[in-house]
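Colleague: If you scroll down you'll find the structure; I have some questions about it.
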Amino acid sequence: MAQSVLLDPLKHSTFLVGSLKHLSETNLLTSVPSNYTFTPLETTNPDPILDDEIPTIDFSILTTGTPDQRSQIVRDLGTACQEWGFFMVVNHGVPECLRERMLDACHAFFDLTDEEKREYAGKHVLDPIRCGTSFNASVEKIFYWRDYLKVFVHPVFHSPDKPAGFREISSEYSASIRQMAMELLKGISESLGLKECYMDKALQLEVGFQIFIGNFYPRCPQPELAMGMPAHSDHGLLTVLMENGVAGLQVMHNGKWVHTKTVPNSFLVNIGDHMEILSNGKYKSVVHRAVVNNKSARISIAMAHGPSLDALVAPAPELVDGKNHPPAYRAMKYKEYLEMQQSNQLNGKSILDTIRL
Ligand code: OGA
Ligand code: NI
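Letter 76 of the sequence shown, counting from 1, is numbered 122 in our numbering, and no numbers are missing.
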């Protein structure tokens, strides 16, 4: 948990920021404190475009379709990855009650007292359980309207002990989402003209890194002044996001922010930095951010799936040639990438920019 001492503009006194959730609830805030205030230019969407163009992938076709149907859905996946880096997944087979139990358990975690949560306040990017507030609170001057819980769930499963039941539910949920992500990665490998098991082997996915990220965005009295999460791209190969029926995710598409809507029982999936590297830039790791609202709290659970932490990630040699497709990124160990990311302040950029050739 971030422990920065802040000046409370409402009370003109200092207090410790434990979690934004408790701060916003106990103080019954009617305005956004100055240390959370961005300019409207940074938070609003002057030129929103319709969201119904976001590609949808019917997952059941990938697993049980005829060979022809499967080829078509693999092509659709490729187009979605290339043009959007982002798609919605329906008919995924993850039981709706598991999704709900997971969201409830996550909510219950954020309801723990600050003292209970303090036990899980890791500091280093490689601590298996870390909770806190904002995005990278130790380097930020203006904070984001968000609390988070990050837990490593693969290759070794971790879980906080509280709240009761969290461990069992997150274990089941993590395994279920992993299964879906591995199928999607097979399809995406094929869409790149690689063997279905290409990533599995090259990136040692059987010991692949998987991280659970629970996000809590409290209701915000002045949503036009606050941001839930800054523009960023995700590390890893694929992130699978579920939300509690409250929209807030925006993705960058052709230079514009597209506001996603929530479709019941669907997942939002985006390509991560390591897919961009592996595909030698063919599939772009999409920049996205989260906005907040003044009606209800939003919970999202992002599950990021990556290579093994020890894997050296480089463009697939099959996608590189000396003439038309020279390698666009230099190789870097996934673990080193994560460490570099933590030490940098983002400003909308990513470590990708530093390894681009
Ligand atoms: C993330 C993320 C978006 C959201 O956790 O990396 O981008 O809508 N979340 O919560
Ligand atoms: Ni993200």
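Where a beta carbon is used, it is the ideal one built from N, C-alpha and C, also for glycine.
Please go through the region 234 to 318 and give each complete alpha helix (DSSP H) segment of 4 or more residues, from N-terminal end onward.
Modeller: 244 to 248
Colleague: Using 7 Å as the cut-off, classify the Cβ of S180 as near or not near the heavy atoms of the ligand OGA, replying yes or no.
Modeller: False, no ligand heavy atom lies under 7 Å from that Cβ.
Colleague: Do you know offhand how far L283's Cα is from D193's?
Modeller: 24 Å
Colleague: Report the residue from E129, I107, W130 and Q128 whose alpha carbon sits nearest the alpha carbon of I119.
Modeller: I107
Colleague: Start and end of the alpha helix (DSSP H) containing H153?
Modeller: E142 to D157 is the extent of the alpha helix (DSSP H) around H153.
Colleague: When you measure from the CB of D280 to every non-hydrogen atom of the ligand NI, does any distance come out below 7 Å?
Modeller: yes
Colleague: Cβ atoms of A348 and A487: under 8 Å apart, would you say?
Modeller: This structure cannot speak to residue 487, because the chain is shown only from 47 to 403.
Colleague: In angstroms, rounded to a whole number, what distance separates the CA positions of M386 and H170?
Modeller: 11 Å
Colleague: In whole angstroms, what is the alpha-carbon distance linking K328 and R121?
Modeller: 14 Å
Colleague: Could you tell me the distance, in whole angstroms, from the CA atom of L355 to the CA atom of A336?
Modeller: Each residue's alpha carbon lies about 27 Å from the other.
Colleague: Hey, out of P174, M275 and Y166, whose CA is closest to Y42's CA?
Modeller: Nothing about residue 42 can be read from this structure; the chain reaches only from 47 to 403.
Colleague: Among H299, E214 and I259, which one has its Cα closest to the Cα of H351?
Modeller: When each option's Cα is compared against that of H351, the closest is I259.
Colleague: According to DSSP, is L358 part of a helix, a strand, or is it coil?
Modeller: Looking at L358 - three-state DSSP - the assignment turns out to be strand.
Colleague: Could you tell me whether the region 238 to 246 touches the region 157 to 172, where touching means 3 or more Cβ pairs closer than 8 Å?
Modeller: no
Colleague: Starting from T400, trace the alpha helix (DSSP H) both ways and give me its first and last residue.
Modeller: L398 to I401
Colleague: Whole angstroms is fine: what's the gap from A227's alpha carbon to M288's?
Modeller: 13 Å
Colleague: Which complete beta strand (DSSP E) runs does the region 162 to 236 hold, if anything under 3 residues is left out?
Modeller: If we require 3 residues or more, the beta strand (DSSP E) runs fully inside the region 162 to 236 come out as 175 to 179 and 193 to 200.
Colleague: Quick one: is the Cβ of A227 within less than 7 Å of any heavy atom of the ligand NI?
Modeller: It does not: the Cβ of A227 is nowhere closer than 7 Å to a heavy atom of the ligand NI.
Colleague: Where E214 and S346 are concerned, what is the direct C-alpha to C-alpha distance, given to the nearest angstrom?
Modeller: 19 Å
Colleague: Whole-angstrom Cβ separation of I175 and V202, contact assumed at under 8 Å?
Modeller: In fact, because the Cβ distance is near 12 Å, the residues do not count as touching under 8 Å.
Colleague: If you drop the 5 nearest sequence neighbours on each side, which residues of the same chain put their C-beta closer than 8 Å to that of S217?
Modeller: V199, F203 and S205
Colleague: Taking DSSP's pairing of strands, which residues face A350 in a bridge?
Modeller: I257 and T285
Colleague: Assuming V120 is part of the alpha helix (DSSP H), what are its boundary residues?
Modeller: P113 to E129
Colleague: Is there contact between the region 291 to 298 and the region 307 to 321, where contact requires at least three CB pairs shorter than 8 Å?
Modeller: yes
Colleague: In the structure shown, what three-state DSSP assignment does D160 receive?
Modeller: helix
Colleague: Step through the CB atoms of chain D and report whether any lies within less than 8 Å of the CB of V78.
Modeller: No chain D is present in this structure, which holds just one protein chain.
Colleague: What is the DSSP secondary structure of Y383, counted as helix, strand or coil?
Modeller: Residue state, collapsed to three classes: helix.
Colleague: Please report how far the alpha carbon of P55 lies from the alpha carbon of Y166, in whole angstroms.
Modeller: Since pLDDT at P55 reaches only 35, below the 50 mark, its modelled position is unreliable, and no value is offered.
Colleague: Pop quiz: Y263 and V338 are said to be a contact at Cβ under 8 Å. What is the actual Cβ separation, rounded to whole angstroms?
Modeller: The Cβ separation is near 5 Å, so the contact holds.
Colleague: Answer yes or no: the CB of T285 versus the heavy atoms of the ligand NI, is any distance below 7 Å?
Modeller: yes
Colleague: Should M349 be listed as close to the ligand OGA, given that the test is whether its C-beta is under 7 Å from any heavy atom?
Modeller: No, since every heavy atom of the ligand OGA falls outside the 7 Å radius drawn around the Cβ of M349.
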